[in-house]
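Protein chains in written order, with the UniProt record's numbering: chain A, 1 to 460; chain Z, 1 to 460. Think of the CB as a built atom: it goes at the ideal place given N, C-alpha and C, for glycine as much as any other residue.
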């Protein structure tokens, strides 16, 4: 070690700088979650806490606590063809009167921060008085991960699976008019029926809070809006009995093209480059809706987990060589329940992953779960209505009127269908808190735990 | 030959069909032109004339004239990630009361037609009673071709060229406020100044009819809207004298990324696949505007022609291996002048190509020029106002009021600047004719010449 230092001193100043610089690190973190999970609010808060770390309350972040963080700066993003994450727009919305939640994710966006810090100990500390960690945060729709299972299905298998959903409770009633139109499909009406299918998926999501919907790009088409690669839909089982069916062949060709030209490129160009991944879940929102919704969310989580099961020899590893070493599922919006319910929310979120998911170490390491609130919109309180003191939350409803709520107990495990008949929940959205100035502290719950999970080992 | 036929007969029916089918042909035609040149109206008319060939007047189309065209059908497009060309929408607009011109091109779109015909003679005729020609028509903004010269310039050379334009008549006055903002640029305002530059290009185009504007994607950003790859702009010469300038390095990196990740992929994925190319020019519109505009249009045409000069060893050929065998420049909107002026419009359009362009055989063959009207919005007439009979056109103005115009004489060559002081033009847009039914004949001028140019040799 001393010999190495002497050797380094022997090099010129330029070479020394190069050697130090090679100690700088890059970390690329994917942030995802299904529509409505709060990705934009989460990323806004994360960037805000990092940029204003010195003025805010982040006790669990070790490097900050030890006084080793020298500064955090925003930098130009590395991928020029991606949208920049609109941090300023989100902060502007929170500073308005009344404040507004940031608009939702429409596609991929990116932001880069540079964190300058003093290494804790060891060789690095000997070599240099500070290092820089370049942190790239990439936000993308969780719906895109739900497409992965399509890569190991053909059009017939996929159709059979979708058809089962479209003909079962509670989705079947909404799907019936579209299924009737499909009976009369002809070559000229294919694209129209495909549009109807995309509209049906949107309706299932908005009216019934369905989450496991394919193809994911039908819900957020972006640049592919209106192109034939999205214009496919499942066919009923009887269409797979005939030997010759031009419509079926057309749809199967589009399905295959979607897998090859849309799903795979996302995994290759983006997913494979993430070092860490945060998946946000709106467990409370699904619980609020009913049994079918939370049950489907469990299916969605388990489908999303497939993207992280890339053991040696797996399809994912062979195709894309992903390198994610830490994976975190976050149950957000913890400010919408009382603090005493947080352990239950953690247990419930864990249980949604299923037996395999919960115990499993994913291919990179252990899956972790966390309960937090990125932007805290409530205060905790207590009221006594004669029958004893109960914990409540106080905040503003979406119309910005003060509200006091007892949001109900969160069950520890996926409840049975009968549960919703006895008891309801009240996890409806609250209005965001107003930021006085863009640099004021943004209230949160456990964002410091999250930062330590994400960056701790890279800032030693 | 007889031996070959006997041999073929010896094969089974299936093999015979395969042999015949290999005689079917594919033809991929690029349709382009600068914004406002009338690409959508042109492509709408072309598709309409082909689909309704039997009911319309296309005397110069040899295969039709000889009764060898059996039928034309629309087919599913081959490229699933491209937008379909909205033919129905355009026809719907023409059928409304009052009718409207189709909306303009926003990016790439595609349509496929299958033309079934009887071969004229020779081996093909012996082998089969009919063949199919698959015709893919691909519409894309001409602005994208204006980016080609950027591939052989670095950021400093490009800046110098742009700066010359931005500081010379008549563009300098519009550019002055942006140039003043640029003097105060800092790292935080780069993206804002880039947005200002894009706005300036739009303003130069809409208010001064400028055509030679780079980067082309700044005017029609599509999926790249808001990304850093478009956020660059030229710097004044003095910024290239300092040795160290982080802003200049940032912009140069974006410029290079634009060339590599935007310009080249278009040439590789699309341009290199065209067999034939039609470039529409709005010569009359530029003439209407003034000397600087028609002079810049000549520069634009000459820049566009660079995309077709790919002799052996050229950059284009090495990079993309284009295979265009016929190239046509079309001066459209010929219905906006009297027929006696058509030869002059042809001569003027020819002269805009410059000496080299006009005489040049481009690398695939001879460049041709044609004067036509895709959708004819006027009738030819004559009036006598005492000083003798003069030819006029009659049509409806954009407010759908009857108008009789003597649009003025079209000069045979690029006129000098003084010309506009003595004489004006009146080539302002007319309202489109109304289609009674979607399948009614669409009036045109010389679309049959164009079809024969495009398809004649493939339908022998």
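The DSSP assignment places complete alpha helix (DSSP H) segments of no fewer than 4 residues inside the region 302-388 of chain Z at 315-320, 342-352, 354-359, in order along the chain. Distance check between residue 385/Z and each of 173/Z, 398/Z, 405/Z places 405/Z closest, using alpha-carbon atoms only.
Interface flag for residue 194/A against chain Z is unset, since no Cβ pair is found closer than 8 Å.
Distance between residue 256/Z and residue 223/A, taken at the CA atoms: about 23 Å. Within 8 Å of the CB of residue 108/A, no CB atom of chain Z is found; the nearest one sits about 10 Å away. Beta-carbon to beta-carbon, residue 146/A and residue 110/A are separated by about 22 Å, too far to satisfy the 8 Å threshold. The alpha helix (DSSP H) runs lying completely inside the region 95-156 of chain A and spanning 4 residues or more are 122-127, given in chain order.
By the rule that beta-carbons nearer than 8 Å mark a contact, residue 229/Z touches chain A. Partner residues in the beta bridge of residue 84/Z, as assigned by DSSP, are 110/Z. In the three-state reduction of the DSSP assignment, residue 226/A falls in the coil class. Within the same chain, Cβ atoms closer than 8 Å to the Cβ of residue 245/Z are found at 239, the five residues on either side in sequence being excluded.
Put simply, of 184/Z, 186/Z, 180/Z, 187/Z the residue whose alpha carbon is nearest the alpha carbon of residue 200/Z is 180/Z. For residue 248/A, no CB of chain Z lies under 8 Å from its own CB, so it is not counted at the interface with that chain. Around residue 226/A, the beta-carbon contacts reaching into chain Z at under 8 Å are 83, 84. Residue 445/A is bridged by DSSP to 373/A. Here residue 428/Z is not near residue 293/Z, since their CB atoms are 8 Å or more apart. With respect to the 8 Å criterion, residue 320/A and residue 276/A are not classified as neighbours on the basis of their beta carbons. Contact between the region 311-325 of chain A and the region 274-291 of chain A is present: 3 or more CB-CB pairs across the two stretches fall below 8 Å. Among the residues of the region 251-268 of chain A, those with a Cβ less than 9 Å away from any Cβ of chain Z are 253, 254, 257, 258, 261, 262, in the order of the chain. Inclusion of residue 73/Z and residue 114/Z in the CB contact set at 8 Å is warranted, their separation being smaller than that value. With 16 or more other Cβ atoms inside 10 Å of its own Cβ, residue 47/Z counts as buried. Note: residue 294/A is not bridge-paired with any residue in the DSSP secondary-structure output. Scanning chain A for C-beta atoms nearer than 9 Å to the C-beta of residue 222/Z yields 223, reported in chain order. Under the three-state reduction of DSSP, residue 262/A is assigned to helix.
Note that the C-beta distance between residue 211/A and residue 296/A is below 8 Å.
In the DSSP annotation of this structure, the continuous segment of the alpha helix (DSSP H) that includes residue 422/A starts and ends at 419-422.
At a Cβ-Cβ threshold of 8 Å, residue 117/A and residue 131/A count as neighbours. In this structure, 377/Z is the residue among 387/Z, 390/Z, 421/Z, 377/Z with its C-alpha nearest to the C-alpha of residue 400/Z.
The DSSP-derived three-state label of residue 214/Z is coil. For residue 80/A, a Cβ of chain Z is located within less than 8 Å of the residue's own Cβ. Straight across, the Cα-Cα distance linking residue 421/A with residue 285/A is about 17 Å.
Taking a Cβ-Cβ cut-off of 8 Å, the neighbours of residue 76/A in chain Z comprise 228, 250, given in sequence order.
If the five residues before and after residue 204/Z are omitted, its C-beta is found closer than 7 Å to the C-beta atoms of 171, 174, 210, 213, all from its own chain and listed in chain order. In this structure, the CA atom of residue 443/Z is about 32 Å from the CA atom of residue 308/Z.
Per the coordinates, the alpha-carbon of residue 452/Z lies some 18 Å from the alpha-carbon of residue 375/Z.
For residue 35/Z, the closest of 414/Z, 353/Z, 280/Z, 388/Z by C-alpha to C-alpha distance is 280/Z.
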